[in-house]
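Protein sequence lines, in the order shown, are assigned to chains F and G.
Using this note's numbering, the letters of the first sequence correspond one by one to residues 1253 to 1579.
Using this note's numbering, the letters of the second sequence correspond one by one to residues 2 to 385.
Down below is the structure, laid out as structure tokens.
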Amino acid sequence: MTTMTLSKALNAGLRKALEDDPKVLVMGEDVGQLGGVFRVTDGLQKDFGEDRVTDTPLAESGIIGTAIGLALRGYRPVCEIQFDGFVYPAFDQIVSQLAKMHLRSLGHLTVPVTVRIPFGGGIGAVEHHSESPEALFAHIAGLRVVACGTPADAYTMIRQSVACDDPVVFFEPKRRYWDKAEVDTDAELAAAHPLDAARTVVDGTDVTVLCYGPMVRTCVESAVAARADGRSVEVIDLRTLSPLDTGTIFASVRRTGRCVVVHEAPVTGGLGGEIAARVTEQCFYHLESPVLRVGGFSTPYPPSRLEEHYLPDLDRVLDAVDRTFAY
Amino acid sequence: MAVDAGGAVTAPGSPAGLDGQPGSRTETIQLLTPEGERVQHPDYPLELTTDEIKGLYTDLVLVRRIDTEAIALQRQGELGIWASLLGQEAAQVGSGRALGPADVAFPTYREHGVAWCRGLDPTRLLELFRGVSHAGWDPAEHRFHLYTIVIGSQTLHATGYAMGIQRDGAVGEDGEAAIVYFGDGATSQGDVNEAFIWASVFNAPVVFFCQNNQWAISEPLERQSRIPLYQRANGFGFPGIRVDGNDVFACLAVTRKAMQAAREGQGPTLIEAFTYRMGAHTTTDDPTRYRLASELEAWKLKDPIERVKAYLVRSGGADAAFFEAVDTQAEQLGRRIRQACLQMPDPQPLAIFENVYAGPNALLDEEREQYAAYLDSFAAEAAR
């Protein structure tokens, strides 16, 4: 076990992936000598060379489009999109090409491209640097969408994503890059928690709180605070946003009878709505209250001086937990 | 103001040689005139045996026959749509026959002639246009990638693939290269311009083959560019060449040279094959709404097949029996395609769920099971 930051865990995971498979490539803007604006790729170019860790021209569609071509040649590119709000120029290549190539070829082609996107707010950034576009990708068949919330998951999930034969959109909680925790870098990947499975991070009996990415820490802290009030909150880190691990979700909600979904993304059209619908369909007779959603407002991400009002925090999660007991 | 390759300045309102008219400063590589006269070009020496020329002629005729049959099938309701290559046969056969066995071609949705040269059975193309699959052939088998419908997207795929060739160390004397096809309209796409940048800065072994057929559905070339398209390569830092796209010899020679340069590590080339879309954009299009019949008549005089025939006749390389034999072969091919199309089975309903993911997906499995049960419920009802 080694204590490391989430950013360092991703770096270690990428390093391991590069070591394990000579076909793995890292590409993106400033990922080389600089090591990425968040230093996630720090030192990789020095050790693996410019052919494997490549600084690209500044055009996101070009990054994903050429990564698809490299994948067609047998490579496993890991693309860094520098910030969430910069992914849209690549949206066409991701949605119309990357997601559909396997299907269009009737299974002849696989395009194992990992698209890393630092996402979410809370770092006092300017516009376009704090967004949560995960629902846009979870809506697209052919993509797997995951989000890591802890250093340990960051280390294994990035390696699993790189090894996955399907394209994976990999969301990294940028404001948790500097969170530290223990990571077992010796653990076998085959024995790791599966990429398409959620994980219960706090056991509880009264209400199920579902979250992912940066909201995992917020929700765990909410569960601790709720315990002082005599409420037993179960927290599930969804980890996989497409496909959703509905088995884990339903089993928990059937036990607790209450469900709150928490994400930074706007509630309107967000994953919370999809989860609420599925929980209602499958757990209807177990529910003591409607499924509640806590998330961003139906507004663009605000200027950073206002972001504390926009982002769900411990109190807003607890408020929703309380409301599930009001029915 | 515009500055051309030679540094000459052109005043606004007279785009240099966009129309390819005599007197413009653009040079178009031509090795066979519309009248069927062989001309030499110092940079593009081309030695072809009579059999090779007959082979090219046969390709051109067969490819046009595929096109004719597919249009007929669409008119009879057997295909949902067809994108005709009429008029572009020489550009496709010339470039397609320039490829080596290790090269890979990335097509748009109109490269039926290139598909033919790569050995793909034309009936596989019909799957897409009939609605049986979105493409479905194995690109590795003929080193011919899937048709791409979104304009220009494949230029980035070819460039990335070429970067993979570099990483595999497959550049050099026996090297490999990629060729990517696109049209004049695509040159306005960001992806195409990004592909030019990537290919240039990484010196990727890729040839950009632009079939300038003068029309992007209803929009003339003037709506895409004020300079000849091949000159754009200058700004990106690699060579651009215009070739007579209706001259199969010139397309072959120019593409061969560009591919060899790419294979040897000299980087990308942009080839602008100056041609004409003699048919509609697709079978749903009506070109009489936006272009003059006289334009088509003028281009008919530059037909890519007639000039090869004229050359073969004039040079005594082929007799009437040869041309008859090719026509017979074309008729047989037409019949075979028709039959294959009519016999093509529809996919089973649950095929919708297949190949969405390479790995398992529990939610999709659940949907498949539910829909299968739903379908079965009708069968059970019918059996009652």
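Backbone N, C-alpha and C define an ideal beta-carbon position, used for all residues, glycine too.
Kindly indicate the opening and closing residues of the beta strand (DSSP E) around HIS1354(F). Careful: HIS1354(F) lies outside any beta strand (DSSP E), inside the alpha helix (DSSP H) at 1353–1356.
Are there 16 or more other CB atoms within 10 angstroms of the CB of ILE166(G), so buried, or fewer, so exposed? buried
Among residues of its own chain, excluding the 5 on either side of ALA103(G), which ones have a beta-carbon nearer than 6 Å to its beta-carbon? Excluding sequence neighbours, ALA103(G) sits near GLU177.
Backbone CA spacing between ASP286(G) and PRO123(G) [nearest angstrom]: Each residue's CA atom was taken as its position, placing ASP286(G) and PRO123(G) some 23 Å apart.
Along the chain, where does the alpha helix (DSSP H) that runs through ASP1299(F) open and close? 1296–1300
Is DSSP giving THR1460(F) helix, strand or coil here? strand
I'd like the list of long-range same chain contacts for ASN247(G), defined as Cβ closer than 6 Å, with 5 residues on each side in sequence excluded. ALA91, THR276, LYS303 and PRO305
Quick check on the DSSP output: the beta strand (DSSP E) that includes ASN362(G) runs from which residue to which? Unbroken run through ASN362(G): none, as it is neither H nor E.
Using a Cβ-Cβ distance cut-off of 8 Å, determine whether ALA1529(F) contacts chain G. For ALA1529(F), the answer is no, since every Cβ of chain G falls outside 8 Å of its Cβ.
Leaving out the 5 sequence neighbours to the left and right, which residues in its chain are closer than 7 Å to ALA1377(F) when beta-carbon positions are compared? SER1556
Which residues DSSP lists as bridging GLY1548(F), in chain order: PRO1518(F)
Mind checking whether VAL202(G) and PRO1309(F) have CB atoms under 8 Å apart? yes
Reference PRO1274(F), options HIS1381(F), ASP1299(F), MET1256(F) and LEU1262(F), closest by Cα: ASP1299(F)
Distance between THR1498(F) and TYR1553(F) (C-alpha atoms, nearest Å): 29 Å
If you measure from the beta carbon of THR1327(F) to each beta carbon in chain G, is any gap under 8 Å? What sits at residue 1327(F) in the sequence shown is Tyr, not Thr. True, the Cβ-Cβ gap to chain G drops below 8 Å.
Rounded to whole angstroms, what's the CA-CA distance from TRP300(G) to GLU368(G)? Just pull it up for me. 53 Å
Just checking my contact of VAL327(G) with THR51(G) at CB under 8 Å: how many whole Å lie between their CB atoms? Contact flag wrong, Cβ pair sits at about 14 Å.
Any residues in the region 190–219 of chain G with a beta carbon nearer than 8 Å to a beta carbon of chain F? Which ones, in chain order? GLY191, ASP192, GLU195, ALA196, ILE198, TRP199 and VAL202
CA-CA distance, GLY1521(F) and GLN155(G)? 31 Å
Taking only the alpha-carbon atoms, compute the straight-line gap between ALA311(G) and GLU36(G) and give it to the nearest angstrom. Going by the C-alpha atoms only, they are around 7 Å apart.
Strand pairing of SER1504(F), partner residues [DSSP]: According to DSSP, SER1504(F) bridges with nothing at all.
What is the C-beta distance between CYS1331(F) and MET1279(F), in whole angstroms, given that I count them as a contact (C-beta under 8 Å)? 6 Å
Do THR283(G) and ILE82(G) have their C-beta atoms within less than 8 Å of each other? With contacts defined as CB atoms closer than 8 Å, THR283(G) and ILE82(G) qualify as a contacting pair.
Proximity test, Cβ basis, 8 Å: HIS158(G) and chain F: yes
Listed by chain order, chain F residues near GLN362(G) by CB distance under 7 Å: Residue identity check: residue 362(G) is Asn in the sequence provided, not Gln. Those within 7 Å of ASN362(G) in chain F are PRO1495.
What number of angstroms, rounded off, separates the C-alpha of PRO46(G) from the C-alpha of VAL105(G)? 24 Å
Compare the C-beta of LEU147(G) with all C-beta atoms of chain F and state if any pair is closer than 8 Å. yes
Counting along the chain, where does the beta strand (DSSP E) carrying PRO1370(F) start and finish? 1366–1371
Cβ-Cβ separation, ALA274(G) to CYS342(G) (assumed contact under 8 Å), whole Å: Between ALA274(G) and CYS342(G) the Cβ distance is about 29 Å, and since that is not below 8 Å, they are no contact.
Outcome for VAL4(G) when other beta-carbon atoms lying within 10 angstroms are tallied against a minimum of 16: In this predicted model, VAL4(G) has a pLDDT of only 37, less than 50, meaning its place in the structure is not dependable; the value taken from the coordinates is given anyway. So VAL4(G) ends up on the exposed side.
Taking the alpha-carbon positions, what's the ALA1261(F) to ASN204(G) distance? 34 Å
Expressed to the nearest angstrom, what Euclidean distance is found between the alpha-carbon atoms of GLU38(G) and ARG308(G)? 8 Å
Between the beta-carbon of MET1467(F) and the beta-carbon of HIS1538(F), is there less than 8 Å? no
Does the CB of SER1357(F) have a neighbour CB from chain G at under 8 Å? yes
Are the C-beta of HIS113(G) and some C-beta of chain F separated by less than 8 Å? no
Considering only the beta carbon of each residue, do VAL1398(F) and THR1257(F) sit closer than 8 Å? Result no, Cβ atoms of VAL1398(F) and THR1257(F) do not sit closer than 8 Å.
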